[in-house]
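Student: Take a look at the following structure, please.
Residue numbers (UniProt numbering): 1 to 235.
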């Protein structure tokens, strides 16, 4: 059943960006409600459709059916890919779908968990969670080694997983030679990685992770990525 209306709730964050990028790649129209989390939580109608009171929330309408609500970003990405781009963004086989889910989850559970505190500290110059004091520990060379209680070295080790993966079989994208939903979480956080100042951590990740940087450059060639992801890795 085709989607007749797509509404994305929440101010622009990395997780909202994942949904907007997915919709953009599929060429679909959508509506935004960009109110703050506090404003949305004060709205009884929003809390009715999203009792968790979190963002993003995706509401999709289909002719003759009640609205369908999804309130976890990876689930929203997978749902939109399956509805808007079956066999494209959404892999054609069960094995492909399972593999894509592994990378969607890795991007949040491993990459975001390690990177968000470092990125907020060195790019946004703030603490993590946002609103807390910035905490930076420096090594003997003066470079940041621990930012907001997260190790920079550990973050780089996490990204080395993708570097090795892209090197195997000369992959252009996470699942091979075309973009799928497997790229979405990884791609959003790659944008943040390459905006971490090299002089702050003493490592130029463009040089130390050439395949990941090439991958990022390919993403930057895509219009939906430039529109919905690229601006939000910067200070």
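Where is the CB? At the ideal position from N, CA and C, for every residue including glycine.
1. Touch check for the segment 21-35 and the segment 220-228: three-plus C-beta pairs under 8 Å?
2. Can you name the start and end residues of the alpha helix (DSSP H) that residue 192 belongs to?
3. Suppose contacts are defined by Cβ-Cβ distances below 7 Å. Is residue 156 in contact with residue 211 by that definition?
4. With residue 9 and residue 40 assumed to form a contact (beta carbons below 8 Å), what rounded beta-carbon distance in angstroms separates them?
5. Might you give, ordered along the chain, the residues of its own chain that have their beta carbon closer than 6 Å to the beta carbon of residue 82, omitting 5 neighbours on each side?
6. If you follow the beta strand (DSSP E) that residue 57 is in, where does it begin and where does it stop?
7. Could I get the ranges of all uninterrupted beta strand (DSSP E) runs contained in the segment 59-134, with 3 residues as the minimum, in chain order?
8. Determine the extent of the beta strand (DSSP E) in which residue 49 is found, giving its start and end residues.
9. Below 6 Å CB to CB, which residues in the same chain sit around residue 195 once its five sequence neighbours on both sides are set aside?
10. Going straight from the alpha carbon of residue 48 to that of residue 139, what length do you get?
11. Residue 121 and residue 147: beta carbons closer than 7 Å?
12. Secondary structure at residue 170, three-state DSSP: helix, strand or coil?
13. In the DSSP output, which residue or residues are listed as bridge partners for residue 147?
14. Let me make sure I understand the geometry here. Which of 141, 149, 5, 142 has the alpha-carbon closest to that of residue 134?
15. Between residue 18 and residue 55, is the Cβ-Cβ spacing less than 7 Å?
16. For residue 169, count the other beta carbons within 10 Å of its own beta carbon; 16 or more makes it buried, fewer makes it exposed. Which is it?
17. Does the beta carbon of residue 127 come closer than 7 Å to any beta carbon on chain D?
Tutor: Quick look at the numbers:
1. yes
2. Within the chain shown, numbered from 1, the residue matching residue 192 stands at position 192. 182-193 is the extent of the alpha helix (DSSP H) around residue 192.
3. What you label residue 156 is simply residue 156 of the chain shown in a count that begins at 1. What you label residue 211 is simply residue 211 of the chain shown in a count that begins at 1. No, the pair does not count as a contact, with Cβ atoms beyond the cut-off.
4. One-based indexing of the chain shown puts residue 9 at position 9. One-based indexing of the chain shown puts residue 40 at position 40. With a Cβ gap of about 6 Å, residue 9 and residue 40 count as contacting.
5. Translated into positions along the chain shown, residue 82 becomes position 82. Contacts found: 90.
6. Residue mapping note: residue 57 aligns to position 57 of the chain shown, counting from 1. Counting along the chain, the beta strand (DSSP E) containing residue 57 begins and ends at 57-62.
7. 65-70
8. For the purposes of this step, residue 49 is identified with residue 49 of the chain shown, where counting begins at 1. It is not in any beta strand (DSSP E) - residue 49 instead sits in the alpha helix (DSSP H) that spans 44-49.
9. Working through the chain shown from its first residue, we reach residue 195 at position 195. If we look at residue 195 and ignore the five residues flanking it on each side, its Cβ neighbours are 123, 233, 234.
10. Translated into the one-based positions of the chain shown, residue 48 becomes position 48. Translated into the one-based positions of the chain shown, residue 139 becomes position 139. Roughly 49 Å separates the two Cα atoms.
11. For this step, residue 121 is matched to residue 121 along the chain shown. For this step, residue 147 is matched to residue 147 along the chain shown. Yes, the Cβ-Cβ distance between residue 121 and residue 147 is below 7 Å.
12. Counting from one through the chain shown, the residue named residue 170 turns up at place 170. Of the three classes helix, strand and coil, the one that applies to residue 170 here is helix, per DSSP.
13. Reading the chain shown from its first residue, position 147 is the one you call residue 147. Beta-bridge partners of residue 147 (DSSP): 136, 150.
14. The count along the chain shown starts at 1 and reaches residue 134 at position 134. Closest option to residue 134, Cα to Cα, is 149.
15. On the chain shown, position 18 is the one that residue 18 refers to. On the chain shown, position 55 is the one that residue 55 refers to. No, the Cβ-Cβ distance between residue 18 and residue 55 is not below 7 Å.
16. If you number the chain shown from 1, residue 169 lands on position 169. By the beta-carbon neighbour count (other beta carbons within 10 angstroms, threshold 16), residue 169 is exposed.
17. The structure shown has no chain D; it contains just one protein chain.
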